[in-house]
Amino acid sequence: MSQPTYAIEGTQLPEGRADPPARQEVTSWINNPDNARQVSLFMRALTEFQRLSPTEDPLSYYRVAGIHGNPDVSWDGVANPPGTTGRSSWWCAHNKETFASWHRPYLVLFEQRIYALMVATIAKNVPNDSQKPWEDAAREWRLPYWDWALTQPYINDLGVPEVFTKDRIDVVDFAGNTPPTMENIANPLAKFSNPTGTAMGDQSMGDFALTGEPWSNAIATSRHGIDRADVTASWVGGVNNWTKSNEAIQGGNGVTSIPDQIYRLFATDLSSWESFSSTKSQPPPRAIDFMSLEAIHNNIHGYTGGRDPGMIGHMGDTSVAAFDPIFWFHHCNVDHLAATFQTLHPDMWYDATTDLASTKLEPFHRDTKATSWTADATRDWKANLRYTYDDLEAPHPPRAFAAFRRLAARTIGRSRTGADNQPDLSLIRRRINEKYGTVQRQIMNSPDILGKENDYVINIIYDRYALDGAPYYIHFFLGDPPPDRDAFTHTDSYVGSMYTFSSKLENSTNATRCGNCLDQRSEGILSTSQVPLTEAILRSVKHPGIPDLHTMEPDEVETYLQTHLVWRANVAIQEPGGAARSTMIDMSLLPKTKIFAMRGRVHYPESDSELSTYSNYTVMWRATSDKPGGAVESDAQPVS
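Residue 444 in full-length UniProt numbering sits at position 444 of the sequence shown, with consecutive numbering throughout.
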């Protein structure tokens with residue numbers, strides 16, 4: 001008789017509630033005194049999760065993180081997809097239409113494990129007559145998200161949330177004192193350390209050992225912390241160089257590209273759910289479809305983890321990214337943005353002429369009888385996975401009134417799932433404008449600028465597997481880039497990047513790693529990304545030191561881009577034994593890359609409950625035609 005499978009079904013609802021609790025933005029969640037018990041339980045549960053045996057417990061942190069890539073082992077009775085060399089390979093849902101859907105049950109698996117360990121922590125540490133408020137806090141908890149576009153109060157800028165920067169953290173103890181007393185514990189969000197105390201690729205890890213350097217040598221995760229030129233390997237115990245993560249996220253010239261990129265996901269009339277979700281090119285490519293949720297997600301992985309030359313970290317490589325605790329909050333925001341898009345576009349889903357909606361999202365099961373999750377089953381996250389998001393709900397009523405409503409619902413046989421609980425789309429759009437409409441506000445505050453009805457973007461078609469899967473960046477500049485490659489993103493001329501977030505297709509023993517990636521390479525599947533230029537153009541127009549750009553009119557901008565738009569490609573994570581500081585890529589090694597400079601029209605509405613609209617894009621051929629990798633007039637033009 002086969003073993004029961006692990007049922008991913010969402011965390012138990014609080015007693016008497018028909019609607020699920022909300023996932024909250026992590027900094028607000030941490031700083032809210034009402035959440036003190038939740039924060040304490042979460043930190044303790046995550047600590048216990050990370051201590052579970054990697055070799056003995058398939059529900060340990062190590063093994064759950066390993067589902068995302070390395071190690072190549074089965075999970076919950078599902079073998080990894082077969083690789084071309086006979087060895088198994090990853091489930092890997094990147095550059096695929098199911099990108100957002102596949103990660104949805106994965107996050108709920110993590111959420112359920114934390115909840116189960118919260119319950120165990122309460123049972124072990126809290127007297128029976130004091131357990132109820134702790135149990136209520138656990139049932140109300142859902143995984144918080146890291147909104148990459150929000151200003152972090154501790155630095156007054158974009159960056160990783162402060163809680164990920166601390167080695168230790170104060171949490172409420174279980175003594176039950178009034179006022180509560182605090183206990184100082186090691187912060188499980190700073191890094192993950194192998195509980196065996198050995199390197200994750202050590203022989204003692206058996207089949208669960210990580211492969212590939214430097215990850216196999218690490219005992220703990222790092223952010224911008226691994227320097228392979230360091231012969232002492234002082235980084236193996238984990239280095240949390242969060243200041244470098246913040247510098248990468250912020251960029252160097254104040255261009256707020258992350259909020260602008262997110263805003264465009266919601267404001268642009270994308271042609272399909274697949275285009276919204278994935279970097280996978282959907283031919284024929286439409287000019288408005290180059291920006292995707294996955295493309296923004298890729299950049300955040302790279303910014304947070306690190307790149308060569310300099311220091312690298314786990315978040316930058318698909319094979320090991322999920323071992324870093326920040327991964328779960330990062331991907332919770334990916335899901336948060338996907339849920340927001342679904343709320344605004346409830347009828348947009350997978351193309352019904354394909355089988356994408358019914359494709360199994362392996363290795364995740366809905367029950368103990370091996371029923372696989374599918375994309376269709378994840379579509380209603382509230383009903384099927386028991387969570388929602390704080391900014392998709394109407395403002396909460398006072399607690400006493402909320403209790404009255406629950407009582408009334410029970411009394412008259414009606415739950416809060418009727419018309420009074422429908423999403424307020426106007427409110428959601430106002431929140432999007434407030435959080436992400438940074439460029440819109442700058443334009444509206446520049447009434448004297450001519451041509452501000454024009455929008456400018458760089459659209460990129462690229463081959464994710466051009467370097468046998470090795471991850472690489474293409475950085476864009478309006479002016480000369482600095483000679484020091486480590487300073488690329490910290491110069492005034494920098495305007496944005498695209499990152500492949502990929503891994504070598506095969507390791508040093510020629511064993512397949514990402515089977516899906518090999519299939520995509522053999523099929524010639526390409527990817528897309530976009531770098532918005534409008535804010536950078538606006539800043540250049542306003543800059544007194546730039547004499548050759550006075551307006552945002554198309555002819556003037558195209559001439560300016562012809563002279564000043566340049567790009568550079570570099571390897572993000574160098575292969576062991578490679579020239580660690582010689583990471584520049586000649587564009588001839590990326591022959592399928594096509595870079596289009598495009599001009600469109602934008603309408604900025606007067607109402608804050610409406611979003612801007614972008615349309616009518618055309619190629620500015622002069623801006624790219626004489627540059628390596630740049631589009632020329634004989635290239636197929638993206639459809640407007």
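Where a beta carbon is used, it is the ideal one built from N, C-alpha and C, also for glycine. Note that the coordinates shown come from a computational prediction; the quantities given were computed from them, not determined experimentally.
| Would you call Gly-16 buried or exposed, if buried means 16 or more other Cβ atoms sit within 10 Å of its Cβ? | Residue numbering aside, residue 16 sits at position 16 when the sequence shown is read from its first letter. Classified as exposed, Gly-16 has fewer than 16 neighbouring CB atoms from the shown chains inside 10 Å of its CB.
Neighbourhood of Pro-481 by C-beta, 8 Å cutoff - its chain only, sequence neighbours within 5 removed: Sequence index remark: in the sequence shown, residue 481 carries index 481 (1-based). Sequence-distant Cβ neighbours of Pro-481 in its own chain, meaning closer than 8 Å and more than five residues away, are His-475, Phe-488, Thr-491, Ser-493, Tyr-494, Val-566 and Arg-568.
If you run the structure through DSSP and keep just helix, strand and coil, what is Pro-54?
Working through the sequence shown from its first residue, we reach residue 54 at position 54. For Pro-54, the secondary structure class from DSSP, reduced to helix, strand or coil, is coil.
What's the C-alpha gap between Ser-245 and Asn-177? As a working note, residue 245 is residue 245 in the sequence shown. As a working note, residue 177 is residue 177 in the sequence shown. Approximately 38 Å between the Cα atoms of the pair.
(message) According to DSSP, is Leu-565 part of a helix, a strand, or is it coil?
(response) Within the sequence shown, residue 565 is the residue found at index 565, counting from 1. In the structure shown, Leu-565 adopts extended strand secondary structure according to DSSP, grouped into three states.
Beta-carbon within less than 8 Å of Ser-634's beta-carbon, same chain only, minus the 5 sequence neighbours each way: which residues are those? Translated into the one-based positions of the sequence shown, residue 634 becomes position 634. Nothing meets the Cβ criterion.
* **C-beta contact flag for Pro-195 and Leu-52 at 9 Å** => In the sequence shown, counting from the first residue as 1, residue 195 sits at position 195. In the sequence shown, counting from the first residue as 1, residue 52 sits at position 52. Yes; because the gap between Cβ atoms is below 9 Å, this pair is in contact.
Practice prompt. Mark Pro-483 as exposed unless 16 or more other C-beta atoms lie within 10 angstroms of its C-beta, in which case mark it buried.
Written response: Along the sequence shown, one-based indexing puts residue 483 at 483. Pro-483 is exposed by the Cβ-count criterion.
### Query
Leaving out five residues before and five after Val-163 in sequence, what residues of the same chain have Cβ atoms less than 8 Å from its Cβ?
Here residue 163 corresponds to residue number 163 of the sequence shown, with the count starting at 1. Hits under 8 Å: Val-26, Thr-27, Ile-30, Ile-169, Asn-187 and Leu-189.
Task: Where the alpha helix (DSSP H) containing Tyr-473 begins and where it ends - done: To locate residue 473, count along the sequence shown from 1; it is residue 473. Where Tyr-473 is concerned, there is no enclosing alpha helix (DSSP H), although the beta strand (DSSP E) it sits in stretches over 472-478.
Quiz prompt | Helix, strand or coil at Gly-496 [DSSP, three-state] | solution = Within the sequence shown, the letter at position 496 stands for residue 496. Assignment of Gly-496 by DSSP, reduced to helix, strand and coil, places it in the strand class.
Report, in whole angstroms, the separation of the C-beta atoms of Ala-572 and Gly-302, which I expect to be a contact under 8 Å. As a first step, residue 572 is located in the sequence shown; it is residue number 572 there, counting from the start. As a first step, residue 302 is located in the sequence shown; it is residue number 302 there, counting from the start. Rounded, the Cβ-Cβ distance is 6 Å, consistent with contact.
message: Mapping the DSSP letters down to three states, classify Lys-452 as helix, strand or coil.
response: Translated into positions along the sequence shown, residue 452 becomes position 452. DSSP places Lys-452 in coil when its eight states are reduced to three.
- Task: State buried or exposed for Glu-453, treating a residue as buried only when at least 16 other CB atoms are found within 10 Å of its CB.
- Result: Taking the sequence shown and counting its residues from 1, the one referred to as residue 453 is at position 453. Exposed is the call here.
_Coil, strand or helix - Pro-133 by DSSP_ = Here residue 133 refers to the residue found at position 133 when the sequence shown is read from its first residue. Here Pro-133 sits in helix by DSSP.
* Throw me the rounded Cβ distance for the Arg-228 and Asp-324 pair, which I believe falls under 8 Å. => As a first step, residue 228 must be located in the sequence shown, where it is residue number 228. As a first step, residue 324 must be located in the sequence shown, where it is residue number 324. No, Arg-228 and Asp-324 are not in contact; Cβ-Cβ is about 18 Å, not under 8 Å.
Checklist line | Nearest to Asp-129 (by Cα), restricted to the options Ala-175, Ser-60 and Ile-258 | finding: As a working note, residue 129 is residue 129 in the sequence shown. Cα-wise, what sits closest to Asp-129 is Ala-175.
*asked:* If you follow the alpha helix (DSSP H) that residue 641 is in, where does it begin and where does it stop?
replied: Only positions 1 to 640 of the chain appear in the structure, and residue 641 is not among them; the question remains open.
query: Under a three-way DSSP split, which group does Asn-187 fall into?
result: As a position in the sequence shown, residue 187 is number 187, starting the count at 1. In this structure, Asn-187 counts as coil in the three-state DSSP scheme.
Asp-448 versus Leu-533: straight-line alpha-carbon distance, rounded
By 1-based counting over the sequence shown, the position of residue 448 is 448. By 1-based counting over the sequence shown, the position of residue 533 is 533. Computed Cα separation, rounded: 19 Å.
- Please name the residue or residues paired with Ile-458 in a DSSP beta bridge. In the sequence shown, counting from the first residue as 1, residue 458 sits at position 458. According to DSSP, which records beta bridges pairwise, Ile-458 is partnered with Val-531 and Ala-597.
Exercise. Taking 8 Å as the cut-off, is the CB of Gly-225 close to at least one heavy atom of the ligand PLP?
Worked result: The ligand PLP is absent from the structure shown, which contains no ligands of any kind.
Helix, strand or coil for His-301? Go by DSSP, reduced to three states. The residue labelled residue 301 in the question sits at position 301 within the sequence shown. Three-state result, His-301: helix.
Note to self: Among the candidates Pro-21, Val-172, Ile-461 and Ala-339, whose CA atom is the shortest distance from the CA of Ala-597?
What the structure shows: For the purposes of this step, residue 597 is identified with residue 597 of the sequence shown, where counting begins at 1. Of the candidates Pro-21, Val-172, Ile-461 and Ala-339, Ile-461 places its Cα closest to the Cα of Ala-597.
Alpha carbon to alpha carbon, what distance is there between Leu-450 and Met-315? As a working mapping, residue 315 is identified with position 315 in the sequence shown. As a working mapping, residue 450 is identified with position 450 in the sequence shown. Going from the Cα of Met-315 to the Cα of Leu-450 covers about 42 Å.
task: Can you have a look at Ala-352 and say buried or exposed, based on whether 16 or more other CB atoms are within 10 angstroms of its CB?
output: Sequence index remark: in the sequence shown, residue 352 carries index 352 (1-based). Flag for Ala-352 reads exposed.
task: Between the Cα of Ala-377 and those of His-103, Pro-283, Pro-284 and Thr-559, spot the shortest distance and give me the residue it belongs to.
output: Looking up residue 377 in the sequence shown gives position 377. Here the closest residue by C-alpha is His-103.
*asked:* Determine whether the beta carbon atoms of Val-531 and Val-457 lie at a separation below 9 Å.
replied: If you number the sequence shown from 1, residue 531 lands on position 531. If you number the sequence shown from 1, residue 457 lands on position 457. Contact flag set, yes.
message = Please identify the residue among Gly-237, Ile-262, Arg-142 and Ala-470 whose C-alpha is closest to the C-alpha of Val-39.
response = If you number the sequence shown from 1, residue 39 lands on position 39. Considering only alpha carbons, the answer is Arg-142.
Q) Ile-67 and Phe-266 look like a contact to me (Cβ under 8 Å); what is the Cβ gap, rounded to whole Å? A) In the sequence shown, counting from the first residue as 1, residue 67 sits at position 67. In the sequence shown, counting from the first residue as 1, residue 266 sits at position 266. Between Ile-67 and Phe-266, the beta carbon gap of about 30 Å keeps them out of contact (Cβ cut-off 8 Å).
For Asn-616, which three-state DSSP category applies?
Working through the sequence shown from its first residue, we reach residue 616 at position 616. Note: Asn-616 maps to strand in three-state DSSP.
Item to check | Residue nearest to Ser-540 in terms of C-alpha spacing, selected from Thr-528, Leu-526, Asp-555 and His-564 | outcome: For the purposes of this step, residue 540 is taken as residue 540 along the sequence shown, with counting starting at 1. Here the closest residue by C-alpha is His-564.
### Endpoints, the beta strand (DSSP E) within which Thr-374 is located
Here residue 374 corresponds to residue number 374 of the sequence shown, with the count starting at 1. In this chain, the beta strand (DSSP E) harbouring Thr-374 covers 372-374.
Local Cβ density within 10 Å of Lys-96, reported as buried at 16 or more and exposed below that = For this step, residue 96 is matched to residue 96 along the sequence shown. With 16 or more Cβ atoms within 10 Å of its Cβ, Lys-96 is classed as buried.
Once the 5 residues before and after Val-320 are set aside, which same chain residues still bring their CB inside 7 Å of it?
The residue you call residue 320 lines up with position 320 of the sequence shown. Excluding residues within five positions, the ones whose Cβ falls inside 7 Å are Gly-69, Asn-70, Leu-210, Trp-215 and His-314.
* Check Val-571 in the structure and name its three-state DSSP category. => The residue labelled residue 571 in the question sits at position 571 within the sequence shown. The DSSP-derived three-state label of Val-571 is strand.
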